[in-house]
Amino acid sequence: MKRLLFAVALVALAGAVTAALGVAAPWGGARADRGARAGAATKLPPLPAEVAQRKRWKIGVKCDSPPFGYINRQNKVAGFDVDVAKRFAELSFGKRTRVSFTCVTTPSRIPALQRKDVDIIISTLTWTSAREEIIDYSYPYYNATGRLLVPNNSSIRRLTDLRGKKIATTRGSIYDRYIGNCFGSATKVLTDSPVGALENLRSGRADVFMYDDTFLLGVAANDPNLKMTTHKFLAVPYGIGIRKGEPATKRWVDAAIRQMKRKDEFWAILRRNSPRQFWRFFLTNVPRPKTKEAYPRGRVPENECPS
Amino acid sequence: MTNRLPEWAQPVVDYIIHVGLKNTLIIASTSVVLSVVIGVVLGTLLTLDARLVRSAVRLYIEIWRGLPIIVTIFLLYFALPTVSDELHFPALDLDPMRAAILGLALWGSAQIAEATRGAVQSIPREQHEAAAALGFGWVGRHTYVILPQAFRRLLPPLVGLCVGVIQNSTLASIIGVPEVLETAQRSANRLAVPTVDPATLSIEGGDSHALEIYLFVFFLFFVISFPLTRLAAYLERRLH
Amino acid sequence: MTVFAAFDWQYIWDHRQVLAEGLKVTLELAAIGIAGSFVIGLVLGACRAYRIPVISQLAGVYVELIRNTPILVQIFLIAYGLPRLTKTLQFDFFFVACLALIIWGGAFNTENFRAGFEAVPKRYREAAFALGFSRIQTFLNISLPIGGRIALPSSLNTYVSVFKNTALMTAISVEELTNVAKQSIDLDFRTWEMILVLAVTYLTLVWLLSILIRLLERRLALPEAA
């Protein structure tokens, strides 16, 4: 009995110690990423004081949303958003490793920003006017367009075919509200992650999956049972989320995005994260030297229903 | 044996074990320790004659035992940080890991408090009186005489609590803590969608392995919990 | 104190309809989960207590598997794992939620009822057999009323847990109370308002249920146990 008590006490103690050591940094930082240290900077505005002092960015990214942010088979965080973050680190400190990533989820990303867990969030954050009331958005860095993914034998061809159907999408997304506003007779099948929505389509719990083209295209190309319809709708850009009242951060991030756009770096990042056969579909999805992007301020795109 | 795993599975197993299991154990052990410390103190207070103290502790127990743990975690993670600035109390800005640990500890301490009350009350009155006669004060009486005896009775619920906390630590996945279930979900999500491996530029994934991954997690928890529930049953039998 | 001062009762009032619908789903899930786990617990508990061959062993494995794994993992396994096995195992999420609650509650209840039936003194059953009761009659007239009452407190606790577990269905997008509240937090960031609604609703229901349980326990307590 005594020995048992001792063992229990020992385990408890060991647990407490590991915890004390481990809790502090459960997510770890980014690992070295060999390769380009190209063009350190044309002149960018001064870094936000806290970042400059820390000599490191703290950035919230998705870990469940390939190809934007996910855990790759080396168990490192990877994807389009992650590459943008690494480029920010490079532009700031000359090293792609000078950034610590925090995994955020759709519901946790804005709270994580507000509680200062991170400096900014690069996390597939679609612009909405409600969100813009509580956080600031950077210059848009990605143009997502809505598409429909259906099984090969589906009768759904266009948006008007959606009446009375079961539509999968992610919770709280612009599509969530679009379906609610414009397809009242349809049933929403909501999940937190787009992959959950995909599983719902694959397993027949939903008739159609409405989501960003970038995600759907990769899926459609890989799954012989699924196809995309040709319809495009709801082009609303993603932005980087910045805390309100931090103009220095917004100035720097906007300038960095514009510089990357001028040098066509988003296109390079997209090509790194998307299979070659899709590149041609994404020509207009990223900011490029001659494109213009803007948030639909003053409009409510999710209220503009197809006729 | 690990060599025979299919090609996709090795990184998944590594991730779930090295990152997920590690965090699950950190969450579970920390919240068990917190639960026991808080719970034993509160449970002992419950045996006091002071009515006000008893009601206060009772309220604590009924609240944290009554709420679904996920609601407690939402309260800690989503609601508290919104007032941290105004209360000038930045410690309220809990990160997901701490929010999960604290949420489990609130629940666990309520369980332990209740068990402690029962255990302390099972110690015959004479023990209290004898210790008092020897000149022990209330604290000394409990520290040296009553609680050590009560601990025997406390052991089965304590092991039971470990099992409960380990299982409920999966709730942390809902706020994104990379414990076992969350790492499994991330792996399943990556594999379900084709992605480009930056090193080789080859495309991988696109096929769901949800069944294999969640089955693995299922049995991983079983292997951890089963010996503990056996131990709890054994300790319970020894009492009688 | 702007957050406290800005606490918006009107926001709660404006959302009363969605919240009520969420609560309705929560209560439906709980009712189905509790009824299902009662039936499973009763049947399998009896099979365990009276060592019905094969079924008893299978039930034993079922109980251990479920009690030693997190319900959230069980939910994911049913929701996303099973459909990969065969297409006939694709259920909509409400059904998945019910199934998970019943399977989980059933396992715990099997143990509760087994313990209850096993606690019925052997001599009662022997007496019944001596009076010419068949096995079924003995079970219905002796073991069930006595063992059922012995099992009552622990099985009622299981039902409270089943009720609380409905909140986990948030993870698979069932539109129950917690999910509905979380969705409006995600959209409008009125966190305190919604958390307050959740806390008050769950505590009220759990406390009511506990009071009910204590009353019931007292009414159904065996005379000699009192």
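Chains as they are written, first to last, in this note's numbering: chain A, 1 to 307; chain B, 1 to 240; chain C, 1 to 226. In this text, a Cβ means the ideal position worked out from N, Cα and C, and glycines have one as well.
- Per DSSP, Pro96 (chain B) lies in no beta strand (DSSP E) segment; the continuous alpha helix (DSSP H) that holds it begins and ends at 96-121.
- Collapsing the DSSP output to three states places Ser65 (chain A) in a strand.
- Take Leu152 (chain C), set aside five residues on each side of it, and the residues of its chain with a beta-carbon closer than 8 Å to its own are Gly116, Leu216, Glu217, Leu220, in chain order.
- Excluding residues up to 5 positions away in sequence, Ala168, Phe209 lie with their Cβ nearer than 6 Å to the Cβ of Leu201 (chain A) in the same chain.
- Per the C-alpha coordinates, the member of C:Asp92, C:Pro83, C:Ala167, C:Trp9 positioned closest to Glu212 (chain B) is C:Pro83.
- For the alpha helix (DSSP H) assignment, the uninterrupted runs of no fewer than 4 residues enclosed by the region 182-227 of chain A are, from N- to C-terminal side, 194-202, 213-222.
- Nearest to Asp207 (chain A) by alpha-carbon distance, out of A:Ser92, A:Thr229, A:Leu217, A:Pro237, is A:Thr229.
- Close to Gly176 (chain B), with beta-carbon spacing below 8 Å, are these residues of chain A in chain order: Cys63, Cys103, Val104, Thr105, Ser108.
- Looking at the backbone, the Cα of Pro178 (chain B) and that of Thr102 (chain A) are separated by about 11 Å.
- DSSP places Asp14 (chain C) outside any beta strand (DSSP E); the residue lies instead in the alpha helix (DSSP H), whose first and last residues are 9-14.
- Under the rule that a run must span 3 or more residues, the beta strand (DSSP E) segments found entirely inside the region 56-115 of chain A read 57-62, 69-71, 99-104.
- In the structure shown, Pro151 (chain A) adopts extended strand secondary structure according to DSSP, grouped into three states.
- Around Gly241 (chain A), no beta-carbon contact reaches into chain C at under 8 Å, the shortest distance being about 13 Å.
- Only those residues of the region 199-214 of chain A whose C-beta falls short of 7 Å from the nearest C-beta of chain C are listed: Glu199, Ser203, Gly204, Arg205.
- Minimum Cα-Cα distance from Gly20 (chain B) among the listed residues B:Ala110, B:Ser187, B:Glu86, B:Ala232 corresponds to B:Ser187.
- DSSP places Thr169 (chain A) in no alpha helix (DSSP H) but in the uninterrupted beta strand (DSSP E) bounded by 166-170.
- With respect to chain A, the C-beta atom of Asn168 (chain B) has no partner C-beta closer than 9 Å.
- With contacts defined as CB atoms closer than 9 Å, Ala172 (chain B) and Ile73 (chain B) qualify as a contacting pair.
- Spanning the alpha carbons of Gly66 (chain B) and Arg214 (chain C) requires a straight line of approximately 15 Å.
- The DSSP-derived three-state label of Asp264 (chain A) is coil.
- Spanning the alpha carbons of Ser307 (chain A) and Arg262 (chain A) requires a straight line of approximately 38 Å.
- Counting only runs of at least 3 residues, the region 63-87 of chain B fully encloses no beta strand (DSSP E) element at all.
- Neighbourhood of Val71 (chain B) in chain C, by CB distance below 8 Å: Ala167, Thr178, Ile195, Leu198, Ala199, Tyr202, in chain order.
- Nearest in C-alpha terms to Thr30 (chain B), of all of B:Ile101, B:Ala50, B:Arg4, is B:Ile101.
- At a beta-carbon threshold of 9 Å, none of the residues of chain C lie near Pro194 (chain B); the nearest stands roughly 18 Å away.
- Under DSSP, Glu175 (chain C) takes part in no beta bridge, so it has no partner.
- Any Cβ of chain A closer than 9 Å to the Cβ of Pro81 (chain B) would place that residue at the interface, and such an atom is present.
- Contact check for Pro151 (chain A) against Leu226 (chain A) passes: the beta carbons are separated by less than 9 Å.
- Around Thr229 (chain B), the beta-carbon contacts reaching into chain C at under 7 Å are Arg67, Asn68.
- No residue range can be given for Phe278 (chain A), since it is assigned to no beta strand (DSSP E) and is classified by DSSP as neither H nor E.
- Taking 9 Å as the threshold, the shortest C-beta distance from Gln10 (chain C) to chain A does not fall below it.
- The C-alpha of Ile185 (chain C) is placed about 9 Å away from the C-alpha of Ile195 (chain C).
- Residues of chain C whose Cβ lies closer than 7 Å to the Cβ of Ile120 (chain A) do not exist; the shortest such Cβ separation is about 18 Å.
- Below 8 Å, enough C-beta pairs join the region 170-182 of chain C and the region 72-82 of chain C to call them touching: three or more.
- For the pair Tyr141 (chain A) and Pro237 (chain A), the CB atoms are nearer than the 9 Å cut-off.
- Around Ser208 (chain B), the beta-carbon contacts reaching into chain C at under 7 Å are Arg84.
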